[in-house]
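Colleague: Quick one: structure below, then a few questions.
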DNA sequence: CTCTAATTTCAGAAATTACTGAAATTTATG
DNA sequence: CATAAATTTCAGTAATTTCTGAAATTAGAG
């Protein structure tokens with residue numbers, strides 16, 4: 001591996017974290033490299049930068065493409081494929097969320113739904129179903145929130161983040177204001 | 001493995017998903033089993049239920065304890081250790097979020113901070129730093145939101161989830177109400 | 001259509017991770 | 001403190017995942 005020290009540290013870190021994030025070392029390293037590079041790289045650039053085999057690069061790029069984390073670019077008068085990551089980190093976040101949901105949450109939700117359709121054959125199964133139902137409810141609440149929020153523009157999303165827990169206070173304030181308004185016009189409503 | 005069919009399907013699914021979630025099969029299976037069981041289980045119960053070795057159970061339980069996902073219980077006049085998961089799925093969610101943040105996000109944030117302290121030695125490094133800075137900003141916004149929201153009670157958290165994107169509309173409404181109020185008392189403020 | 005560059009596929013090797021059984025250690029009890 | 005039950009450790013093995021090099025395929029230029 002022959003990279004500027006800063007880039008190398010970043011790439012190595014992403015490689016190490018890869019396993020915790022459920023991707024492998026090479027995929028993590030390639031993503032980090034593409035993310036931090038100032039221009040698109042072709043497969044052979046990656047082979048050289050990371051000292052790994054050409055076929056490994058090919059398979060890892062395919063994996064990154066399956067995750068929609070990488071963009072294919074073409075350079076005039078050059079038949080090779082060049083790759084970058086999207087510029088906008090918020091867009092990257094959205095993609096990551098979408099793909100992880102698809103791979104890590106949706107299959108579980110569908111298993112839960114299926115198992116909750118069954119008629120329990122014993123007290124033990126009846127209890128298990130009750131627990132699965134709790135899990136299902138939680139996951140559905142979370143995904144419903146996600147489906148709602150994912151359409152927001154970056155600016156609105158940032159606003160929502162900055163609000164954080166203040167939202168609940170805001171909600172209280174709104175309730176007070178509304179009920180105040182109501183009291184003025186409809187004084188007899190509870 | 002000798003379990004009621006429903007429980008078995010659930011356990012096997014968690015085992016399979018394990019790799020995507022960054023835990024191994026056995027750990028996933030044991031968690032699922034404990035989660036869905038109506039009473040605490042001891043190590044030998046798990047050995048029998050999942051047909052795996054006693055030492056594997058021991059190591060996997062240790063792993064689950066490191067994640068704070070499992071509770072150690074004692075039954076009177078029985079020296080064996082019994083295990084369950086917390087009852088409250090919201091509490092489980094909180095624990096999961098906290099542990100994943102600790103393992104998957106914090107180390108990256110600390111690497112980013114360190115690399116952004118360095119003086120870039122080339123134009124390529126300067127560009128890389130700019131990209132790392134974008135990533136850092138995003139992660140810090142997200143973790144700031146998380147730190148804010150994690151203290152909320154379950155009920156408030158559920159409220160926040162139910163609001164979803166409506167928060168931004170609510171915020172607009174509040175702005176209008178406030179500026180309306182201001183106009184009445186301070187008509188010359190822009 | 002032919003030639004060549006670029007990319008992909010895939011069988012096997014290498015590396016890593018998970019699992020087991022035996023031995024060691026810890027813990028509770030009389 | 002001796003004993004037995006429960007649990008943990010760990011070295012070796014099994015299973016899985018990752019990676020490579022060679023061969024096959026695809027795509028572009030002439």
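Protein chains in written order, with full-length UniProt numbering: chain A, 1 to 190; chain B, 1 to 190. Glycine included, every Cβ here is placed at the ideal spot set by N, Cα and C.
1. Need the endpoints of the beta strand (DSSP E) that residue 74 of chain A sits in, please.
2. Which chain B residues sit within Cβ distance under 9 angstroms of residue 199 of chain A?
3. Quick one: what's got a C-beta closer than 6 angstroms to residue 56 of chain A's C-beta in the same chain, skipping five residues either side?
4. So, using beta-carbon positions, are residue 67 of chain A and residue 84 of chain A closer together than 9 angstroms?
5. Using beta carbons (cut-off 9 angstroms, strictly below), is residue 1 of chain A in contact with chain B?
6. I'd like to know whether the C-beta atoms of residue 136 of chain A and residue 103 of chain A end up nearer to each other than 9 angstroms.
7. Going by the CB atoms, is the gap between residue 42 of chain B and residue 81 of chain B shorter than 9 angstroms?
8. Indicate whether residue 124 of chain A and residue 7 of chain B have their beta-carbon atoms separated by less than 9 angstroms.
9. Between the C-alpha atoms of residue 163 of chain B and residue 134 of chain A, what's the straight-line distance to the nearest angstrom?
10. Would you mind telling me which residues of chain A sit closer than 7 angstroms to residue 18 of chain B, beta carbon to beta carbon, in chain order?
11. Opposite residue 83 of chain A in the DSSP bridges: which residues?
12. Report yes or no: is there a C-beta of chain B within less than 9 angstroms of the C-beta of residue 74 of chain A?
13. Assuming the contact rule is C-beta atoms closer than 8 angstroms, residue 139 of chain B and residue 89 of chain B should be a hit. Round their C-beta distance to whole Å, please.
14. So the candidates are A:97, A:141, A:72, A:39; which of them puts its Cα closest to the Cα of residue 160 of chain B?
15. At what residue ranges does the segment 87-120 of chain B contain a whole run of the alpha helix (DSSP H), taking only runs of 4 or more?
Modeller: The relevant details are as follows:
1. For residue 74 of chain A, the uninterrupted beta strand (DSSP E) run begins and ends at 71-74, by DSSP.
2. Nothing in the structure corresponds to residue 199 of chain A, since chain A is present only between 1 and 190.
3. So the list reads 26, once near-sequence residues are dropped.
4. Not a contact, by the Cβ cut-off of 9 angstroms.
5. No, because no Cβ of chain B sits closer than 9 angstroms to the Cβ of residue 1 of chain A.
6. No, Cβ-Cβ distance for residue 136 of chain A and residue 103 of chain A is not below 9 angstroms.
7. Between residue 81 of chain B and residue 42 of chain B, the C-beta gap is smaller than 9 angstroms, which places the two residues in contact.
8. Yes, Cβ-Cβ distance for residue 124 of chain A and residue 7 of chain B is below 9 angstroms.
9. Each residue's Cα considered, the two are about 21 angstroms apart.
10. Going along chain A, no residue has its Cβ under 7 angstroms from residue 18 of chain B, so there is no contact; the nearest lies around 10 angstroms.
11. Partner(s): A:41, A:72.
12. False, the Cβ-Cβ gap to chain B never drops below 9 angstroms.
13. The pair is not a contact, with the Cβ atoms about 27 angstroms apart (cut-off 8 angstroms).
14. A check of alpha carbon separations from residue 160 of chain B across A:97, A:141, A:72, A:39 identifies A:141 as the nearest.
15. Segments of the alpha helix (DSSP H) lying fully in the segment 87-120 of chain B: 89-100, 106-117.
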